[in-house]
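Written below as structure tokens is the structure these notes are about.
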Amino acid sequence: MLPTDSHTPGLDSRLRGNDNNNVIDRFKALCPIANPSGHEANLRAIIQAELTALGLTDQRVDTIGNLVVRVPGRVGLSPWLLSAHMDSVPVCEGIVPREVPQPDGTLALMPAGETILGADDKAGIACILTLMNTFAQQGFAHNRPLILYFSVQEEIGLQGAKALDWDWVSDATWAWVLDGDGPVGDIYTAGPFQEALKFEVKGKRAHAGICPEQGLNAIRVLAEWLTTCPNGRLSPTGTTNVGKIFGGDATNVVPDWAEALGEARGLTEPELVSIVESIQGARETVAQRYPDAGLTLTHTRKNAGFTVDHTHAEIALLQQVFTTTGIANGCKPMAIGSDAHILNARGLPAVVVGMGFTRSHTRQEILYCEPYRQLTQCMITLLCDSTLP
Ligand SMILES: [Zn+2]
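Count the sequence shown with the working numbering and you get residues 634 to 1022, in order.
If you want it as structure tokens, here you go:
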């Protein structure tokens, strides 16, 4: 059952037209705060000051910089965890949002300069702060008890979530990660397994002018290996990519070494394993052509994937809120790593919520204001529902 005016009297009317609850303004106010990975302190201080002013003083910061805040709520309900990450990818200094009118008459926000917009993930932070302002006005009497988790260093390998003291959040029974690059209505219930790949080739060094025939060019062997490998999208949920390459020492030397770094993603462990096996297969093919070369593939697990069952009551409830609001919705897998990977790996079911921004990590990043505002309203409704234990 969804909250109505009878069980949360006046809720809707209190939310409308209140500047403290304007999630768009709050997001814009966060835009100028630089927050590269490892340098989240300024943004964290602003979050902490706002939450303290609302009376949320049960705050903890660990040595890496994660912030965990306890939010009181209706008695008898287990706490849910709400999370957003505090860091952004470069360039995230001097961000100025500019309004971009949309064909339907609504507004979107994009960066005015040569930066990202930073909706990934200040959209999540501004949403959570807006929820807390709303709940504080109700004396935290209508909302479910919550644990807010603002992570650091998400963008450089989920480092904050990996370091989080689990005792701080272990009583949470469900987690919403407000960090989804995608339309409002999308609920990302699965995330890929990821493997880091290192390709190494050893050749034979020789003078390029005097005796090139005595050398074995490691760069060329590596190039053959990489072009023999599967590349890009391999299936709806499987991808692989080579992203960095190194090798050689001088133009007049036949290079005896070359390396490349890449990754592979698969929604399931078998899918990922089969991608890695095909790269190994390419290695063997090329190694047979060059018996004097040394070809080594090193692969290490970056993230374990996750899949949350669609039949969870929490998911059904959010879908019901979306549907009631007229928002098309559905569950789907996501293609990227997120703090939800770590939360699920630790046994807390966590799904990622589409926030209404897309093209994150680029200068074309865009946040669609109206869906984002609607999502914030939906989260208020969701968190004020009392039908789940
Ligand atoms: Zn993100």
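No residue lacks a Cβ here, since even glycine has one placed at the ideal position from N, Cα and C.
Within 6 Å of the C-beta of Asp753 there is at least one heavy atom belonging to ligand 1. Your pair Asn699 and Leu791 does not check out as a contact, with CB atoms roughly 11 Å apart and the cut at 8 Å. Not one heavy atom of ligand 1 lies closer than 6 Å to the C-beta of Asp720. In the structure shown, Pro705 falls within a coil segment according to DSSP collapsed to helix, strand and coil.
In the three-state reduction of the DSSP assignment, Cys760 falls in the helix class, which pools H, G and I. Taking Glu788 as reference, the option from His840, Val722, Gly751 with the minimal CA-CA separation is Val722. Residue pairing by DSSP places Lys965 opposite Tyr821 in a beta bridge. Going by DSSP, Ala891 is part of the beta strand (DSSP E) stretching over 890 to 899. For Asp819, the shortest C-beta to heavy atom distance toward ligand 1 is 6 Å or greater. The three-state reading of DSSP puts Ile680 in helix, counting H, G and I together. Excluding its 5 nearest sequence neighbours in each direction, Val802 has C-beta neighbours in its own chain below 8 Å: Val701, Leu714, Ile780, Tyr782, Leu981, listed in chain order. The region 740 to 749 makes no contact with the region 968 to 984; the number of CB pairs closer than 8 Å stays below 3.
By the Cβ neighbour-count rule, Asn874 is exposed, with fewer than 16 other Cβ atoms within 10 Å of its own. Ranked by Cα distance from Ala769, the first of Gly895, Glu683, Arg693, Asn850 is Glu683. Between the C-alpha atoms of Arg934 and Gln827 there is a straight-line separation of about 6 Å.
Judged by beta-carbon spacing, Gly706 lies within the 7 Å limit of Asn776, meaning their Cβ atoms are closer than that value. Check the Cα spacing between Gln952 and each of Arg659, Ala717, Thr822, Phe660: the tightest is with Thr822.
Inter-residue distance for Cys760 and Ala983 is about 18 Å (C-alpha atoms, whole angstroms).
For secondary structure counted as the beta strand (DSSP E) over 3 or more consecutive residues, the region 781 to 833 holds these complete runs in sequence order: 807 to 814, 819 to 824. According to DSSP, residue pairing for Ser721 in a beta bridge involves Pro669. Shown here, Glu732 sits in a strand according to DSSP, grouped into three states. Asp812 has its Cβ nearer than 6 Å to a heavy atom of ligand 1. Minimum Cα-Cα distance from Pro1004 among the listed residues Val986, Thr995, Asp1018 corresponds to Val986. Burial is judged here by how many other beta carbons sit within 10 angstroms of a residue's own beta carbon; Glu732 has fewer than 16 and is exposed. For Phe879, the enclosing beta strand (DSSP E) begins and ends at 872 to 880. Excluding five sequence positions before and after Pro863, the CB atoms of its chain that fall closer than 8 Å to its own CB belong to Thr873, Ile908, Ser911, Ile912, Ala915, given in chain order. Here Glu947 is buried: its Cβ has 16 or more other Cβ atoms, across all protein chains shown, within 10 Å.
Shown here for Gly842: same chain residues with a beta carbon closer than 8 Å to its own, the five before and five after excluded, namely Asn885 in chain order. Rounded to whole angstroms, the gap between the alpha carbons of His932 and Ala856 is 19 Å. Here the region 882 to 898 makes no contact with the region 919 to 927; the two share fewer than three CB pairs at distances below 8 Å. In the DSSP annotation of this structure, the continuous segment of the alpha helix (DSSP H) that includes Arg1006 starts and ends at 1002 to 1016. Beta bridge pairing from DSSP links Ile999 with Thr991.
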